[in-house]
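For the sequence shown, the working numbering puts the final residue at 448, and the numbers step up evenly by one. Yeah, the Cβ is synthetic: ideal placement off N, Cα and C, and Gly gets one too. Computed from a prediction, not measured in an experiment: that's the story for all the values here.
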Amino acid sequence: MDMSLVLQFWVVALLLALTPGADWAYAIGAGLRAPSVAPSVLGMAFGYAVVVCIIAVGAGALVTQYPMSLTVLTIAGSAYLIYLGVNTLVSKAGQVTASDAPLGHAPAAQFFRGAGVSGINPKGLLLLLALLPQFTSPAGWPSAAQMLFLGGLHVVNCLYIYFAVALLARRILRSKPRASAILAKASGLIMVLIGLGILVEKGAELL
């Protein structure tokens with residue numbers, strides 16, 4: 242594997258995991274309402290692991306064979322990210338809130354709900370499908386193995402970031418609701434900037 246590509250992907254995946262969205266909302270909800278945050282966060286990581294496996298064994302290879310589909314997916318993922326960011330910035334509520342979906346009392350219920358949140362998250366699906374093939378190298382490991390490895394890095398990123406989000410929500414947002422409003426505006430700006438950056442880069446490649 243090309244270690245420079247691995248490092249580049251890790252940085253991009255880290256920024257994406259740090260971008261608030263549906264996953265953050267569920268993690269915050271777990272931190273505020275669940276007795277333990279572990280089942281919810283582990284469930285979200287499992288959901289992403291399933292998505293990575295599906296992309297690596299089939300969907301990602303298909304995108305590699307048809308580069309134009311990768312361009313379309315990249316543009317769609319960027320546009321969706323910008324849409325999320327703008328919605329966050331103009332939201333009257335002005336705060337990142339815990340997910341309204343009931344967490345369930347049993348750890349298993351929290352786990353599978355977390356897996357559903359990440360597994361069907363449009364941002365995660367689009368961006369992973371668009372990103373993973375871009376960071377594979379034609380030499381070395383088979384592309385499927387490379388995508389599994391890179392996807393594993395993303396899952397690890399999600400694990401420690403979402404644990405931190407859930408635990409910080411439990412400690413901070415319960416007593417300082419204003420912090421959620423500041424977090425929302427910052428996250429909206431980050432989403433817009435990342436989306437615009439990807440669009441500019443893709444536009445430069447097409448010109």
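Simplified DSSP state of residue i, which is helix, strand or coil
i      : result
Gly360 : helix
Trp382 : coil
Phe404 : helix
Leu440 : helix
Thr377 : coil
Leu434 : helix
Ala445 : helix
Ala410 : helix
Ala349 : helix
Ala334 : Confidence at Ala334 is low in this model, with a pLDDT of 47, below 50, so its placement is unreliable and the value that follows should be read with caution. Three-state result, Ala334: coil.
Span of the alpha helix (DSSP H) around residue i
i      : result
Ala209 : Any property of residue 209 remains undetermined from this structure, which presents the chain solely from 242 to 448.
Val252 : 244–258
Ser277 : Looking at the DSSP string, Ser277 is not in any alpha helix (DSSP H), and its letter there is neither H nor E.
Close beta carbons around residue i, own chain, < 7 angstroms, minus the five adjacent residues each side
i      : result
Val292 : Gly360, Gly365, Leu366, Leu369
Leu255 : Asn398
Leu373 : Ile296, Gly301, Met388, Leu391, Gly392
Contacting residues, own chain, Cβ-Cβ under 8 angstroms from residue i (five flanking each side not counted)
i      : result
Leu259 : Ile402, Ile431
Val247 : Phe376, Phe390, Leu391, Leu394
Phe352 : Pro280, Ser281, Leu283, Gly284, Phe287
Ser378 : Met242, Asp243, Leu246, Gln387
Leu447 : Thr312
Val396 : Ala286, Tyr289, Ala290, Val293
Residues near residue i by beta carbon distance below 6 angstroms, same chain, minus five either side
i      : result
Phe250 : Phe376, Leu391
Ala271 : Val278, Ser281, Ala407
Leu400 : Ala286
Ala297 : Ala385, Met388, Leu389
Ser319 : Gly436, Ile439, Leu440
Gly357 : none
Original post:
Can at least three beta-carbon pairs, one atom from the region 273–282 and one from the region 382–396, be found at a separation below 8 angstroms?
Top reply: Output reads no: the region 382–396 does not touch the region 273–282.
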